[in-house]
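Undergrad: Under the UniProt record's numbering, the first residue of the sequence shown is numbered 1, with each subsequent residue one higher.
Ideal placement from N, C-alpha and C gives every residue a C-beta, glycine not left out.
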Amino acid sequence: MNQAGFFERIYAQIYASVADADMWVNIGMAVLKIAAIILLSRIVVSVVQSGVNKVFQHRHGSKIQMDQRRVDTMRVLVNNVVQYGIYFLAILMILQLLGIDLRPVLVSAGVLGLAVGFGAQSLVRDIITGFFIIFEDQFAVGDVVTINNLTGTVQEIGLRITKVRSWTGEVHIFPNGTINQVTNFSLQNTLAVVDVSVAYEEDLNQVESVLKEVLASAQTELTDIVAEPQILGVHALGPSEVIIRVTAECKPNTHHGVNRNLRAKIRTELTNRGIQIPYPKIVAVSGKGTV
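1) Select from Phe185, Gln276, Thr178, Lys265 the residue whose C-alpha is nearest the C-alpha of Gln121.
2) Does the region 152-160 come close enough to the region 191-206 that 3 or more CB-CB pairs lie under 8 Å?
3) What's the C-alpha gap between Asp126 and Gly51?
4) Tell me the rounded alpha-carbon separation between Leu92 and Lys33.
5) Which runs of the beta strand (DSSP E) at least 3 residues long sit entirely within the region 160-214? Give them in chain order.
6) My output table needs one value for Thr129: the three-state DSSP class, helix, strand or coil.
7) Under 9 Å between the Cβ atoms of Cys250 and Leu191?
8) Using a Cβ-Cβ cut-off of 8 Å (strictly less than) and excluding sequence neighbours within five positions of Gln138, which residues of its own chain qualify?
9) Would DSSP call Leu237 helix, strand or coil?
10) Check this for me: beta carbons of Val214 and Glu269, under 9 Å apart or not?
11) Alpha carbon to alpha carbon, how far is Asn148 from Val45? Give it in angstroms, no decimals.
12) Among residues of its own chain, excluding the 5 on either side of Ser240, which ones have a beta-carbon nearer than 6 Å to its beta-carbon?
13) Applying the 10 Å Cβ sphere with the 16-neighbour rule, what's the burial state of Thr129?
14) Start and end of the alpha helix (DSSP H) containing Arg263?
15) Give the single residue among Arg160, Gln230, Leu237, Thr247 whose Cα lies nearest to the Cα of Asn176.
16) Mapping DSSP to helix, strand and coil, what is Leu232?
17) Can you name the start and end residues of the beta strand (DSSP E) that Ile244 belongs to?
18) For Ile100, which three-state DSSP category applies?
19) What does a CB cutoff of less than 7 Å around Pro252 pick up in its chain, not counting 5 residues either side in sequence?
20) Between Gly28, Gly85, Met29, which has its C-alpha nearest Val48's C-alpha?
21) How many angstroms separate the CA atom of Arg59 from the CA atom of Thr271?
22) Between the Cα of Leu77 and those of Tyr87, Gly99, Val164, Asn53, spot the shortest distance and give me the residue it belongs to.
23) Got a sec, what are the start and stop residues for the beta strand (DSSP E) Thr146 sits in?
24) Label Asn80 either buried or exposed according to how many other C-beta atoms from any shown protein chain fall within 10 Å of its C-beta, with 16 as the threshold for buried.
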């Protein structure tokens, strides 16, 4: 009988709880409020991000002009900060709605953050450096850079790390705090420099005339050349050749391709005109004469 009475009391308590209309009303209201907070936070994020996108939208003819690469980077960063900030506030509101006292939570988080901070100095340094990289527009995704003596194309810039892909396919990951020196090949126009070697016997005036024709043709054919190529004249005198230097201003990070094209065109035209390009020759001398 005692055991039966015990189960009856348990059943009565459970039934009383389940049948409590006020409890279900409170639960329903809490669920509706949580759903409303989530929905409202998403709407606010969408509206604010739409406004941010309009603010950073590129406008032709605007008095204030910014590099589009930097505008895109800033837009993404601001959108992320807005999204995380609004969702964080929504979580705090939901916790408070559930009756959780946030003061002990915030105090505990502060103490924990202080303790972790002593062991996360490198992480903080990475994040601070990442902010400076983004806001100062040191480089952007797609730029060709040399970071700490490694050259490649920037694939990703984060607040903590930067990823650079070398031309052979390797992806190098740099914590932002370790980036000490950066060379950016994509910010300004670059200069293609070609040294042309001709024999001492050749007429330099004729050589320069041929080079002018080649450079004029190259400027028309190669769209990466942005200014008229220049013949700087005799750059050096070698053991068996006169070296004439030629330069051409190119679009950012296109000078390697322009160099290759100019060398090929110059070599072909000099050969067609009968102008000798010196190269090492071996002469063997025997006791019976020269071979």
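TA: Looking at the atomic coordinates:
1) Checking every option, the nearest Cα to that of Gln121 belongs to Thr178.
2) no
3) 30 Å
4) 13 Å
5) 161-165, 171-175, 182-184, 190-198
6) helix
7) yes
8) Result list for Gln138: Phe132, Val182, Asn184, in chain order.
9) Leu237 sits in a strand when the DSSP states are folded into three classes.
10) Cβ distance < 9 Å, so Val214 and Glu269 count as in contact.
11) 38 Å
12) Pro278
13) buried
14) 255-272
15) Arg160
16) strand
17) 242-250
18) coil
19) Phe185, Ser186, Leu187, Gln188, Asn189, Thr190
20) Of Gly28, Gly85, Met29, the residue nearest in Cα terms is Gly85.
21) Legend: pLDDT at Arg59 = 48, less than 50; position of this residue unreliable, value from coordinates given subsequently. Spanning the two alpha carbons is a distance of roughly 52 Å.
22) Asn53
23) 144-147
24) exposed
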